Amino acid sequence: MQEDIDIKENYIKQLDEELLSILLKDRSSGKNIIWATDTYQSRGNGYYPFDNITVKAITGRNGLVIKPRVEKSKKEQNIRVKNKAEVFTPSWVCNSQNNLIDNAWFDRENVFNIEKDKTWQVVKEKISFPEGKTWQDYVVENRLEISCGEAPYLVSRYDTVTGKWLEVGERIGLLDRKLRIINENTEHEQEWYEWAVKAFKSIYGFEWQGDSLLIARENLLFTFIDYYVDRFDNYPTKDYLKEISKIISWNIFQMDGLKFVIPESCKPIPKMQMSLFDNEVHTEECQGCLKNNPNKHTGIYSKIMNWETNKSELFIKQIREKRDDKH
Ligand SMILES: C[S@@+](CC[C@H](N)C(=O)[O-])C[C@H]1O[C@@H](n2cnc3c(N)ncnc32)[C@H](O)[C@@H]1O
Numbered sequence: 000m001q002e003d004i005d006i007k008e009n010y011i012k013q014l015d016e017e018l019l020s021i022l023l024k025d026r027s028s029g030k031n032i033i034w035a036t037d038t039y040q041s042r043g044n045g046y047y048p049f050d051n052i053t054v055k056a057i058t059g060r061n062g063l064v065i066k067p068r069v070e071k072s073k074k075e076q077n078i079r080v081k082n083k084a085e086v087f088t089p090s091w092v093c094n095s096q097n098n099l100i101d102n103a104w105f106d107r108e109n110v111f112n113i114e115k116d117k118t119w120q121v122v123k124e125k126i127s128f129p130e131g132k133t134w135q136d137y138v139v140e141n142r143l144e145i146s147c148g149e150a151p152y153l154v155s156r157y158d159t160v161t162g163k164w165l166e167v168g169e170r171i172g173l174l175d176r177k178l179r180i181i182n183e184n185t186e187h188e189q190e191w192y193e194w195a196v197k198a199f200k201s202i203y204g205f206e207w208q209g210d211s212l213l214i215a216r217e218n219l220l221f222t223f224i225d226y227y228v229d230r231f232d233n234y235p236t237k238d239y240l241k242e243i244s245k246i247i248s249w250n251i252f253q254m255d256g257l258k259f260v261i262p263e264s265c266k267p268i269p270k271m272q273m274s275l276f277d278n279e280v281h282t283e284e285c286q287g288c289l290k291n292n293p294n295k296h297t298g299i300y301s302k303i304m305n306w307e308t309n310k311s312e313l314f315i316k317q318i319r320e321k322r323d324d325k326h
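Each step along the sequence shown adds one to the number in numbering that gives the first Met the number 0, with nothing skipped, and position 283 is 282.
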């Protein structure tokens, strides 16, 4: 188990050559995720906001380029607050809000832990389920962290504000809770893994900035490793790591949450205008951006996987369906 809160990209590469390439995939563009921040552009080509993040740019002698927010310099932290409102939530607040979701689902309080002044005390007894609901229902309930940063509501290997490491038994994320439930209700490794896959398929997040998005993805992958090692005293196979990484690369995705497209991907479109003397080409601004219409963007709409049909869908389709359900 790597108890370092900064998961080193060189270490991931060493685990398996393919893993980082999977974690860098952008399923919407078919390329890699982009930096979408100017934090790194002083490094030159390959580090500009629209450049795709490559394995080469973050490994080898570039292995320390990406750091979690808590390890970034104060100056850099402040710039990111100004540019993208990057302020992370401490674990005790994430816990408190995640508890509210579970209080509603279980219809009782103090299911996973009891909140104490800016901390919590874990409830050690096996968790029981309300009438009409099973542990399997809990594992497959979909959860989404919007603008997820390093995903502290989903997983909690460390407190994103203080950098404090949290042991597996103390964790409070939405995925952590599902993995605890799986631990308490499965016997064999195969059964455990089958349900862990379902849990990962049910956890979603999106984020604008590519570095935080990659860290969020790594945090989910290493959460899988932490729980596997904790339960089986053995390292998961490379095939497991690749399958989990593939799910993560679909479910934790890059998106401008106000437009539902890859950040800054909208472009003006050329329009032919017929005139008496000549055909002139004009460009027309993205109508989605101009009129704040989420359905009219010219950019690349972000895709997610429908794990039931194994077909990809536009994320905005989910929003439209939810909105239509309401009317
Ligand atoms: C206040 S932080 C919250 C991060 C995390 N959810 C937490 O609670 O610690 C806001 C995050 O939103 C991201 N963000 C800002 N504008 C966004 C947008 N339009 N779409 C998606 N993410 C955005 C920033 O990059 C930043 O990581």
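Using N, Cα and C, we set each Cβ at its ideal position, and we do this for glycine too.
Just so we're clear, the structure is a prediction, and the values are computed from it rather than from any experiment.
Three-state class that DSSP yields for Q76 in the structure shown
Of the three classes helix, strand and coil, the one that applies to Q76 here is helix, per DSSP.
Taking Cβ to Cβ, would you say I6 is nearer than 7 Å to F221?
Their beta carbons are under 7 Å apart, which means I6 touches F221 by this criterion.
Is the separation between the beta-carbon of V260 and that of M271 shorter than 7 Å?
In this structure, V260 sits away from M271, with a CB-CB distance that is not shorter than 7 Å.
From what residue to what residue does the beta strand (DSSP E) around W119 run?
Boundaries of the beta strand (DSSP E) harbouring W119: T118 to V121, taken from the DSSP string.
What separation, rounded to the nearest whole angstrom, lies between the Cα atoms of I180 and P293?
Going by C-alpha positions, I180 is about 38 Å away from P293.
Which residues share a DSSP beta bridge with R142?
BP columns for R142 point to I202.
Taking only the alpha-carbon atoms, compute the straight-line gap between G298 and L23 and give it to the nearest angstrom.
Inter-residue distance for G298 and L23 is about 20 Å (C-alpha atoms, whole angstroms).
Check whether the Cβ of W207 sits closer than 6 Å to any heavy atom of ligand 1, and report yes or no.
Under cutoff, so the answer is yes.
Look at the alpha carbon of W134 and the alpha carbon of Y203, and state the distance between them as a whole number of angstroms.
Taking the straight line from one Cα to the other gives about 20 Å.
Look at the alpha carbon of Q1 and the alpha carbon of S264, and state the distance between them as a whole number of angstroms.
Residue confidence for Q1 is low, a pLDDT of 49 falling below 50, so the modelled location carries little weight and cannot support an answer.
Is C147 a contact residue of ligand 1, with contact defined as CB to any heavy atom under 6 Å?
C147 Cβ: within cutoff of ligand 1.
Any heavy atom of ligand 1 within a distance shorter than 6 Å of the CB on G382?
Nothing about residue 382 can be read from this structure; the chain reaches only from 0 to 326.
Three-way DSSP call (helix, strand, coil) for N233 in this model:
Secondary structure at N233: coil, using DSSP grouped into helix, strand and coil.
Check whether the Cβ atoms of G172 and I52 sit closer than 7 Å, and answer yes or no.
Remark: C-beta atoms of G172 and I52 do not approach each other more closely than 7 Å.
Only counting the same chain, and skipping five residues up and downstream in sequence, which positions put a Cβ closer than 7 Å to that of Y157?
Here the set comprises I4, K163, W164 and L165.
Please specify which runs of the alpha helix (DSSP H), each continuous and at least 4 residues long, are wholly inside the segment 224 to 281, giving them in chain order.
Taking 4 residues as the shortest admissible run, the segment 224 to 281 contains the following complete alpha helix (DSSP H) segments, listed from N- to C-terminal end: 237 to 250.
As a quick exercise: from V160, R176 and N31, pick the residue whose alpha carbon is nearest that of K123.
Among V160, R176 and N31, the Cα nearest to that of K123 is on R176.
If you follow the beta strand (DSSP E) that K302 is part of, which residue opens it and which one closes it?
Start and end: K302 to N305.
May I ask you to check if the CB of V54 is nearer than 6 Å to at least one heavy atom of ligand 1?
Look at V54: its beta carbon is at least 6 Å from all of the heavy atoms in ligand 1.
Leaving aside the five residues before and after E284 along the sequence, list all residues of the same chain whose C-beta is less than 8 Å from its C-beta, in chain order.
Cβ neighbours of E284 beyond the five flanking positions: P267.
With DSSP run on the structure shown, which of helix, strand or coil describes W164?
Strand at W164.
CB contact flag (G45, A56, <7 Å)
Yes, the pair counts as a contact, with Cβ atoms nearer than the cut-off.
Can you tell me which residues form a DSSP beta bridge with N51?
DSSP lists I33 as partners of N51.
Could you check whether A35 and E262 sit closer than 7 Å to each other, using their CB atoms as the reference points?
Correcting the residue type first, residue 262 is Pro in the shown sequence and not Glu. A contact, by the Cβ cut-off of 7 Å.
When V228, T88 and N218 are compared against I247, the one with the closest alpha-carbon
Cα-wise, what sits closest to I247 is N218.
Return the residue from the list S20, K290, E17 and V92 that minimises the CA-CA distance to D170.
Before going further, note that residue 170 is Arg rather than Asp in the sequence given. The option with the nearest alpha carbon to R170 is V92.
Using the Cα positions of N109 and L143, report the straight-line distance between them to the nearest angstrom.
The straight-line gap from Cα to Cα measures roughly 22 Å.
Proximity below 7 Å, CB of R26 to CB of W249
One thing to note: R26 has its Cβ within 7 Å of the Cβ of W249.
Inter-residue Cα distance where the pair is L99 and E183:
Here the alpha carbon of L99 sits roughly 22 Å from the alpha carbon of E183.
Going by DSSP in three states, Q1 sits in which element: helix, strand or coil?
Caution applies to Q1, whose pLDDT of 49 falls short of 50 and renders its modelled position unreliable; the model cannot decide the point.
Close Cβ partners of F199 (< 8 Å) along its chain, the five nearest in sequence each way excluded
Around F199: L174, L219, F223, I243, I246, I247 and N250.
First through last residue of the beta strand (DSSP E) which encompasses A311:
Contrary to the premise, residue 311 reads as Ser rather than Ala in this sequence. DSSP places S311 in the uninterrupted beta strand (DSSP E) bounded by K310 to L313.
Member of L289, E312, D238 and T161 whose CA lies at the smallest distance from the CA of K117
The shortest C-alpha separation from K117 is found at T161.
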